[in-house]
Amino acid sequence: MAKKPSRTSQKHSPRPAARKTRSGRQEISTDIDLLAGLSNAIGVSGAEGAVRRLVLEAIEGHVDEVRVDALGNVLAVKRAARRSGQALRLLVAAHMDEVGLMIVDHDSDGSLRFGIVGGVNERTLLGQPVIVGPRRLTGVISAAPIHLLPAERKNQPVKPNQMRIDIGAGNQETARRHVALGDRAGFATGFAQLQGAVRGKALDDRLGCATLVTLLRGGPYPVELHAAFTVQEEVGLRGASVAGYAVEPHAAIALDCAPAYDLPHSRGTENVRYNAQLGRGPVIYRVDGRTLSDRRLADFLCQMAENAGLPFQIRQPGPGSTDASAVQLGRSGVPVVSMSVPARYVHTPAALARLDDWRHAAQLLLLAVEQFNPKVLKPLT
Amino acid sequence: MKALIKKLTEAYGPSGSESQMRELVREEIRNLPDYVTVDSLGNLIAVMKKKTRTGKKIMLSAHMDEIGFVITHVDDRGFARFQNLGGVNPLACLGSRVRFANGRLGVIGIEARREDPGRVPGWHDLFIDVGADSRESSGLQVGDAAAFYRPLEEVGERLVGKSLDDRVGVAILIETMRRLKRTPHEVAFVFSVQEEVGLRGAGVAAYGVDADLGLAIDVTRTGDTPNGTRMAVRLGGGPAIKVRDSRMIADPRIRELLLERSREAEIAVQLEILESGSTDAAAMQIARAGLPAGAISVPTRYIHTPSEMVEYADVEGCVTLLTAFLQHPIEI
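Those sequence lines, one after another, are chains E and S. In short: position in the first sequence from 1, add 2, done, that's the numbering used here. In short: position in the second sequence from 1, add 1155, done, that's the numbering used here.
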């Protein structure tokens, strides 16, 4: 059933997320209540309003400028610490949207037909509780009683156009009064803290959003920090494309969530196609389905992690990509890299990530932004 | 130009790892252009400045990168699993030798007990053996890139080697810079990156150069092998002037200009319609507010294998045609 965001998430204590230690170096603390609120909010691609409101509230007072662009991206600026000379513009992006469903028709009995938004794992839909529309109506995705199914259909996959969302409306007219065509539906999974891990929906990419908020609460940094909380990533990196054009950065880092497909093989052989692995630290990208990362930036992140003794892993080259791709190809090109928190079961109703991986990712990002300097982007020879 | 082609095809440079190629090209064009820049993705842009008021700004592009491989996993015994970088066919890989940026060599092997030995192998059936017996001694890391390793050979009137796609185009641009005595135009010779993974370099280069018109110099398929592709292009038929490919309809004005120049210079040419594949020109054509774009292609057999084949006379013809194109005033 649907859980409301935990009470603390709406008005978290205003303690700074990054604070100076005695040695003068900034420490970062991840904010689990913030993540809980973000995970529980529903922001299916193109309808990110609920997430945007949480983000705007969370960064208020911590940035020098903030605006919402035509597509709905939140673009915030934190000016550089030292105003002398031209500071580099560093764009850090995390996407607010999540995969989900869109209502496309009201059926005769008041149940709702739906389409898929983004890459939803359709096999996980049957019987799922969902939340529908801006009024957060509770519903459930229909599933046939298994003991009434003919034997030959028991093992057949069910397609989304054979399923309905049932909001208990009883008839078409009532359904129409409560739900409009085009309303989005999201999974009703409540965020939960487990043993050193978290479970929730939309950790892809609310983990990235929470990390970016945390970064903005610290600083200022030696760079002019441009934060983009982007929209419509899951349907084709559309928000990041226009955000990159607007910011015209010298370099960009996309914060995302890397699918960890790392369970041991049932037949006992070595799993060599895992994409990313839980517990091995932040995931640094060199090659993904749409981007060859800037070598200087990827090397810099690896170096920062090594110097600080932080664990890290390189994402396995293969399909899938991040906002970095759209930013890289904007205008006359931008050096980009991506960094992710690994999470299992993304694009299903419930993903799972380890807190240490998130903490290490936030620490690595902080180090990278603090120590970013023009030498990192030494001209390509 | 054969020595230049040999040097270029034997260089290492899979998509995203073009720095060795970039150095090589930079060395070869020393003192030829008025200035050289490298953009943020690594495109090398050599500009000959405009000499007359009526001249156009022309972008030429040949890509430095080649198809290759990228490591996805290294196991305890030092065998590396990998994925393709660009459009490689796993069948072209069996028994092939590959080389990494640091010069380390490897051979591609295949699992004998794979699930269905009768089927065309997938990437997960293959591995690279670099002669190591542990992960540590392999020296390999996830994300490391490799490319085919083959010397260039002369076979009759033809050249056979890896990465003639598109090192032969790179050679044509360099040779044209050397032979071009006078031009009314400003010419940006772009040696582009990341073409094989989706024309990424040329797209951003075209935005940066902001030219009046563009030409790509790349390879194209042929229809002249046993039971081969149905295509009216053959080795030895001269430079192929692009009409259309799978991502672009060449600007007809550019096509006509090229045909006119070929008639004047008495160069045999052929028209090209390529049903699968494209070139940097497709990315140039839709950069910014758009520009007239076309391509001159070198007919090539066995593209994206370690043994691509071109006819040397066709390559010479491309240089002559491109030089004539650049020397002449252009009205569009």
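Backbone N, C-alpha and C define an ideal beta-carbon position, used for all residues, glycine too. All values reported here derive from a predicted model rather than from experimental measurement.
- Between Asp1365 (chain S) and Ile1487 (chain S), the alpha-carbon positions lie close to 16 angstroms from each other.
- Per DSSP, Tyr1467 (chain S) is not a residue of any beta strand (DSSP E); the alpha helix (DSSP H) it occupies stretches across Tyr1467 to Gln1482.
- Of the candidates S:Glu1309, S:Ile1404, S:Leu1390 and S:Ala1267, S:Ile1404 places its Cα closest to the Cα of Leu1446 (chain S).
- One thing to note: Pro344 (chain E) has its Cβ no nearer than 9 angstroms to the Cβ of Leu265 (chain E).
- Burial state of Thr324 (chain E) is buried, judged by a 10 Å Cβ sphere holding 16 or more other Cβ atoms.
- Annotation: Glu67 (chain E) to His252 (chain E) spans about 19 angstroms, alpha carbon to alpha carbon.
- Against chain E, the beta carbon of Glu1266 (chain S) has no neighbour under 7 angstroms; the closest one sits roughly 11 angstroms away.
- For Asp1320 (chain S), the closest C-alpha among the options S:Tyr1362, S:His1340, S:Ala1371 and S:Ser1293 is that of S:Ala1371.
- Here DSSP, grouped into helix, strand and coil, assigns His1279 (chain S) to helix.
- In this structure, Ala353 (chain E) keeps its C-beta atom at 9 angstroms or more from the C-beta atom of Thr216 (chain E).
- For Ser334 (chain E), the nearest CB of chain S lies under 9 angstroms from its own CB, placing it at the interface with that chain.
- Leu1240 (chain S) is bridged by DSSP to S:Gly1223.
- At a beta-carbon threshold of 7 angstroms, the residues of chain S lying near Pro319 (chain E) are Val1225, Thr1227, Gln1238 and Gly1298, ordered along the chain.
- By the rule that beta-carbons nearer than 9 angstroms mark a contact, Pro381 (chain E) touches chain S.
- Taking 9 angstroms as the CB threshold, Val274 (chain E) lines the interface with chain S.
- The alpha helix (DSSP H) runs of length 4 or more contained entirely in the region 1284-1367 of chain S are, from start to end of the chain, 1290-1293, 1319-1334 and 1355-1364.
- For Ile1428 (chain S), the closest C-alpha among the options S:Asn1382, S:Ile1226, S:Glu1350 and S:Ile1451 is that of S:Ile1451.
- Residues of chain S with a Cβ closer than 7 angstroms to the Cβ of Ile316 (chain E) are, in chain order, Gln1296, Val1297 and Gly1298.
- Taken in chain order, the complete beta strand (DSSP E) segments of 3 residues or longer contained in the region 1381-1424 of chain S are 1395-1399.
- Comparing C-alpha distances from Ile105 (chain E) to each of E:Asn157, E:Gly121, E:Val46 and E:Arg91 shows the shortest one belongs to E:Val46.
- By the Cβ test, the region 1259-1279 of chain S is not in contact with the region 1199-1217 of chain S, since fewer than three Cβ pairs between them sit closer than 8 angstroms.
- In this chain, Ile1265 (chain S) is not harboured by any alpha helix (DSSP H); it is covered by the beta strand (DSSP E) spanning Leu1260 to Ile1265.
- Assignment of beta-bridge partners to Lys1212 (chain S) by DSSP yields S:Glu1341.
- Against chain E, the beta carbon of Gly1358 (chain S) has neighbours under 9 angstroms at Leu331 and Gly335, listed in chain order.
- Residues of the region 259-273 of chain E with a C-beta less than 8 angstroms from any C-beta of chain S: Glu272, listed in chain order.
- Across the structure, Val53 (chain E) and Ala43 (chain E) are spaced so that their CA atoms are roughly 6 angstroms apart.
- Between Val119 (chain E) and Arg179 (chain E), the CB-CB gap reaches or exceeds 9 angstroms.
- Identification of residues in the region 284-310 of chain E having a C-beta nearer than 7 angstroms to some C-beta of chain S yields Arg288, Val289 and Leu294, given in sequence order.
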